[in-house]
Every structure is written in structure tokens, then in C-alpha cells.
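For what it's worth, the working numbering labels the leading residue of the sequence shown as 32, then goes sequentially. Backbone N, C-alpha and C fix where the C-beta goes; we use that ideal spot for every residue, glycine too. Please read these numbers as outputs of a predicted model, since none were measured by experiment. Notes to accompany the following structure.
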Amino acid sequence: MPNWPRRPFGNERDGSVNPAEATAVREAAERIIRGSSLAEVCRAWDAAGLLTATLAHWTPATLGDMLRSPRVAGLMPDGATVGQWSPVLPVGTWHAMCAALTARNPAKGHGAPGRLAWLLSGIATCQPCGASVAIRWVGGLAAGRPYYTCRNGHVSIPAREADAHIRAGIVEAHTRRRALLTDAAPTVDTAPMIEAVRRLDAKIAETRAAYLADAIELADMTAVTAKLRGDRDAAQSTLDSAEIATARSRSAEALAAEWDSLDLAQRRAVLTGLNLRITIARGFGWTVAERISVTDADATDAGEDAPDA
Ligand SMILES: [Zn+2]
């Protein structure tokens with residue numbers, strides 16, 4: 032059973048679907064996907080006598096907020112987790128509708144597909160309350176700036192600066208570990224070189240074993256192992272330079288370029304895959320970097336019970 036303070040449009044408080052309202056939402060979604068505006072849908076709903084769940088008239092703003100809400104697709108506010116109520120719209124329809132709304136009005140993307148328009152939306156959390164942050168435009172659409180904000184009003188941080196800080200952190204961490212952001216093939220295949228070194232090590236060991244078993248003379252063993260050691264050192268040095276070349280190819284600039292080449296969904300997947308806990312603290316006069324804390328989610332999870340929503 033959902034924990035709603037009041038009935039949302041399209042659902043009953045027990046989570047079941049309100050058939051008449053759900054039909055209206057489905058028709059509205061289809062119209063919006065085909066190109067209708069929120070104002071047109073509002074007029075149609077007014078004509079049909081459809082009011083909000085609190086019996087108010089719909090406006091394009093309230094209608095847009097309602098339609099963009101992941102709740103409509105049966106999803107939690109993160110836009111991904113399935114909630115414990117019946118969806119009013121199939122998830123695919125809801126995504127298509129949100130995409131149509133966002134395409135017409137990019138700054139208004141508060142719903143999950145809109146959230147995806149920014150790197151940390153729904154990923155970073157508010158340090159005081161733990162709610163995930165969403166984008167809010169401050170200063171109007173024309174000259175405004177996007178901020179990651181907590182819905183409870185605790186934190187608000189410039190989104191572009193925050194994204195740049197995360198990008199720098201990801202690049203630095205991967206440079207240190209000489210790891211690629213994604214599973215791209217290494218530039219040099221070092222496996223045959225590693226195998227060559229291993230084979231020569233084995234031959235040296237065999238030669239020594241043969242001497243110990245009286246199969247060869249000491250002078251022969253010394254001569255053979257000296258030759259093998261020379262070959263082995265050469266193979267090792269080839270391997271070393273290959274590894275250095277590979278590491279150099281994973282330089283900070285290369286990783287930054289790789290990050291920049293990823294699309295937003297891929298960048299978000301990298302962040303999610305790293306299992307990081309990104310929290311944003313309050314702070315007047317603090318820098319963006321000082322306010323963002325990035326830790327290993329597993330390292331701080333101990334003793335915390337995830338509440339069942
Ligand atoms: Zn908060």
C-alpha cells in the first residue's frame with residue numbers, strides 16, 4: 032500500500048487505479064505524444080469537467096507536474112524503482128510522453144526522463160535529509176542557471192559546477208588506478224609477453240631441476256641458465272615498456288576525453304557502476320568541491336537499514 036498523504040489523480044489512496052481519471056491520463060499522454068500542448072489538454076479536461084484530486088481546475092503547470100511524476104508510471108520518485116500501486120500509464124508510454132514534454136520545454140524536465148538530463152539527478156543525495164536531488168532552474172528560463180536541489184529545501188548547488196567536479200574526480204580516480212571508464216580493449220595486448228616471461232622462468236627452473244637430478248653438468252646448467260636469464264630479462268623489459276605505454280594511453284587527458292565522449296546515460300551508468308555515495312552538504316561560502324562528498328557506498332552502509340517504501 033502506498034503511503035500517500037492524499038489521493039493522487041489517477042489512483043485511489045489504496046494504490047488502485049481510478050478508472051475514469053486513468054482513462055483521461057492515457058488519452059492526455061497519447062495526445063501529448065502526438066504533439067498536443069498541456070494547455071490544449073487542460074481545455075479538454077475542463078470541458079469534460081475533470082478536476083484535480085483536490086477539486087481544483089487544472090493548469091498547464093499542475094497538469095505537467097502530475098504527468099511527469101514517476102508515480103503515474105507506477106514508479107518511485109527515483110523514476111526506476113517500482114512502487115506499490117497500480118500504474119496509470121505503461122512505463123514506455125510515460126517515457127515517450129515525458130520526452131515529448133521535455134522536447135518542447137527542456138528546462139521543465141523534472142520527471143525521470145527529465146532528471147536524466149543532468150548527471151547527478153536522482154543519484155546525489157541531500158546530506159541533511161537523504162532525499163535525492165533534482166534540477167531546479169533559478170533565475171528564470173532565459174538567463175537562469177540549473178541547480179541540484181533537495182525537495183525539502185536543504186541544499187541547492189550549481190549543477191554545471193557540480194558536474195565538472197564529479198568529472199574531475201572520476202578522471203583522477205581512474206588515472207590513479209590506470210583503469211578505463213568503460214571496458215574498452217587495452218591498447219597493447221600484453222598477454223603473449225607475460226606468457227613469454229613465464230615460459231622462460233619455467234625453462235630456468237627445469238634446467239636447475241635437471242642439474243639437481245644429475246641429468247646435466249654444472250657448467251652446462253650455468254651456461255644455459257645465463258642465456259635463459261638474458262632472454263627472460265629482455266622479455267620482461269618488452270613487457271614493462273608495453274605496460275608503461277598502456278598506462279600512458281590512460282592518461283588524465285585520454286580519460287577526460289573518454290568521459291566527454293560518453294552520453295549522459297553512459298556517464299550515469301559509470302557513476303552507478305562505481306557504487307558511489309554522492310552527498311551534497313549545505314554551506315554558505317563553501318566551494319562546490321567542498322560541499323560534495325564522494326564515498327564508497329558499501330563502506331558507509333553498515334548498520335543502515337534501507338526502509339521499504
Ligand atoms: Zn534535504
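Three-state class that DSSP yields for residue i in the structure shown
i: Cys-181; result: coil
i: Asp-327; result: strand
i: Ile-188; result: strand
i: Arg-322; result: helix
i: Leu-169; result: The displayed chain sequence assigns Val, not Leu, to residue 169. Val-169 falls in the strand class under three-state DSSP.
i: Glu-237; result: helix
i: Ser-100; result: coil
i: Thr-85; result: coil
i: Pro-39; result: coil
i: Val-202; result: helix
i: Val-157; result: The sequence as given places Cys at residue 157; Val does not occur at that position. Strand, per DSSP.
i: Val-64; result: According to the sequence displayed, residue 64 carries Ile and not Val. In this structure, Ile-64 counts as helix in the three-state DSSP scheme.
i: Ile-7; result: Limits of the chain in this structure are 32 at one end and 340 at the other, which puts residue 7 out of reach.
i: Arg-298; result: helix
i: Gly-46; result: coil
i: Val-113; result: strand
i: Arg-308; result: strand
i: Leu-106; result: strand
i: Ala-333; result: Here the model assigns Ala-333 a pLDDT of 44, short of 50, so the residue's position is not dependable and the matter cannot be decided.
i: Ser-163; result: strand
i: Arg-176; result: strand
i: Thr-90; result: coil
i: Gly-95; result: helix
Near ligand 1: residue i beta-carbon under 6 Å from a heavy atom
i: His-205; result: no
i: His-185; result: yes
i: Ala-312; result: no
i: Pro-36; result: no
i: Pro-159; result: yes
i: Cys-129; result: no
i: Ala-193; result: no
i: Ala-199; result: no
i: Ala-162; result: yes
i: Cys-73; result: no
Contacts around residue i, its chain only, beta-carbon distance under 6 Å, and the 5 residues preceding and following it disregarded
i: Glu-192; result: Val-319
i: Leu-81; result: Ala-55
i: Ala-312; result: Gln-158, Arg-322
i: Asp-214; result: In this prediction, Asp-214 scores a pLDDT of 43, lower than 50, which makes its location untrustworthy; the coordinate-derived value is nonetheless stated afterwards. Nothing meets the Cβ criterion.
i: Ala-52; result: The question names Ala, but residue 52 in the sequence shown is Glu. Cβ within range, chain order: Phe-40, Gly-41.
i: Leu-259; result: Leu-231, Lys-234, Ile-235
i: Met-252; result: Thr-238, Tyr-242
Residue from the options whose Cα sits closest to the Cα of residue i
i: Pro-118; options: Cys-129, Ala-127, Val-103, Val-186; result: Val-103
i: Gly-304; options: Phe-315, Glu-284, Gly-314, Ala-328; result: Ala-328
i: Leu-307; options: Tyr-178, Gly-200, Ser-67, His-88; result: Gly-200
i: Ser-272; options: Thr-238, Thr-253, Asp-220; result: Asp-220
i: Ser-152; options: Leu-293, Gly-170, Gly-110; result: Gly-110
i: Ser-187; options: Thr-326, Met-32, Ala-84, Arg-322; result: Arg-322
i: Thr-269; options: Gly-46, Ala-53, Thr-54, Ala-222; result: Ala-222
i: Asp-291; options: Arg-198, Thr-93, Glu-237, Thr-310; result: Arg-198
i: Asp-341; options: Val-122, Thr-83, Ile-235; result: As displayed, the chain neither begins before 32 nor continues past 340, which places residue 341 out of reach and without an answer.
i: Arg-299; options: Glu-289, Val-255, Ile-154; result: Ile-154
i: Pro-50; options: Glu-284, Val-301, Leu-120, Gly-175; result: Leu-120
i: Arg-74; options: Ser-282, Leu-94, Thr-133; result: Leu-94
i: His-196; options: Gly-175, His-126, Gly-170, Val-325; result: Val-325
Contact set for residue i: own chain, Cβ-Cβ below 7 Å, skip 5 residues either direction
i: Ala-266; result: Met-224, Ala-227, Val-228, Leu-231
i: Arg-44; result: Trp-35, Arg-38
i: Ala-131; result: Ile-63, Ile-64
i: Ala-162; result: Thr-156, Cys-181, Arg-182, Asn-183
i: Leu-286; result: Val-202, His-205, Thr-206, Leu-212
i: Leu-249; result: Tyr-242
Spatial neighbours of residue i in its chain, beta-carbon cut-off 8 Å, leaving aside the 5 residues before and after
i: Met-107; result: Pro-101, Val-113, Gly-114, Ala-340
Could I get the ranges of all uninterrupted alpha helix (DSSP H) runs contained in the region 252-278, with 4 residues as the minimum, in chain order? none
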